[in-house]
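Student: Just passing along the structure, written as structure tokens.
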Amino acid sequence: MAVRRLLSLAALLVVSGALIYGLNTRLQGVPPVSVLLDPADGLYRTARQARPPADSTELRLSGLDAPVTVVRDQRHVPHIFAESDRDAVIALGYVAAQDRLFQLDFLPRVASGRLSEAFGPSSLEADQFLRQTGMEWGAQRNLGRIREEKDIEWKAMTWYGQGVNAYLDRIGPADLPLEFRLLGYEPDRFSPIQGLRLLQYMNYDLTYGTDDPSYSALRQKLGRDSYERLYPTHPSGLFEPIVPPGEQLASRREMNESPPAEASAAAVEARREGIQALERVLGGRAD
């Protein structure tokens, strides 16, 4: 009987140890499950605190020359009212961090080939490929040019980063989006190079492709006519143009002619209705 109890206790300890290890160990870049199940800092806490920002907020940040008002419409899209371009861009960085902090940090990491810092050694091969694309090289070259010119681009990038960092200064580690807690790292301070890396990533995401050699081989194998039937450049019905097929744009002369009176009246009425709709969204008078 004593031996059976000892064996049962040993089995229970082994199973418990295996569960504790499995729930708290990162496997092949997958975050530990315990992070999700933690009642104090897991999914439950995130869901409990998940709420949209206030409909109207007056930002008073240390870097602003004057308070900035941020009004969110029914879709929670922010509308920024500021006394200067500088204050508006700072506020833009602040609300972007408020809504998309993980994207602002993660996508520049992709462009610079630094995924391994978040996912571990399993991402080394991806980092090597991403660095070979030249995104980081391009971002650094653009940074040098923009910083040397000291034009409005440099100022806007600096102001934007100032707003992002102002948001980071207002929150603590427990208030970071769930993705940071899952991956076990904290976001970097935002600087102009981060913004340029983000732009490089968007260029890559929207234009980069690796299918050209395969399609070239298919074209040679199938012949031009068969290839174009199987892989049309613009398949019928896939793209709907703004101007429907069969209709023509107005000529430059027609566009410069004065519109008829009824068209002018309709335009005035449409503008009036638009102003009234904006007033309803903002809850006040729209000038």
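In this text, residue positions in the sequence shown follow my numbering: the first is 5, and each later residue adds one.
Glycine residues also receive a C-beta, built at the ideal position from the N, C-alpha and C atoms.
From a predicted model like this one, the values you see are computed outputs, not experimental measurements.
#1: Roughly how many angstroms lie between the CA atoms of residue 107 and residue 83, to the nearest whole one?
#2: One question on the structure: do residue 142 and residue 164 come within less than 8 Å of each other, judged by their Cβ atoms?
#3: Around the Cβ of residue 176, are there at least 16 other Cβ atoms within 10 angstroms (buried) or fewer (exposed)?
#4: Note down the Cα distance separating residue 103 from residue 214, rounded to an integer number of angstroms.
#5: Counting only the same chain and skipping the five closest in sequence on each side, list residues whose C-beta sits under 8 Å from that of residue 195.
#6: When we look at the beta-carbon of residue 185 and count the other beta-carbons within 10 Å, is it buried (16 or more) or exposed?
#7: With DSSP run on the structure shown, which of helix, strand or coil describes residue 65?
#8: Near residue 60, which residues of its chain fall below 8 Å by C-beta distance, leaving aside the five closest residues on each side in sequence?
#9: With three or more beta-carbon pairs closer than 8 Å as the criterion, would you say the region 114-125 touches the region 201-220?
#10: Using DSSP with H/G/I as helix, E/B as strand and the rest coil, what is residue 76?
#11: Our contact map puts residue 171 next to residue 101 with C-beta atoms below 8 Å; I'd like the distance itself, whole angstroms only.
#12: Going by DSSP in three states, residue 150 sits in which element: helix, strand or coil?
Tutor: Inspection of the coordinates gives the following:
#1: 20 Å
#2: no
#3: exposed
#4: 32 Å
#5: 165
#6: buried
#7: coil
#8: 73, 74, 75, 76, 287
#9: yes
#10: strand
#11: 4 Å
#12: helix
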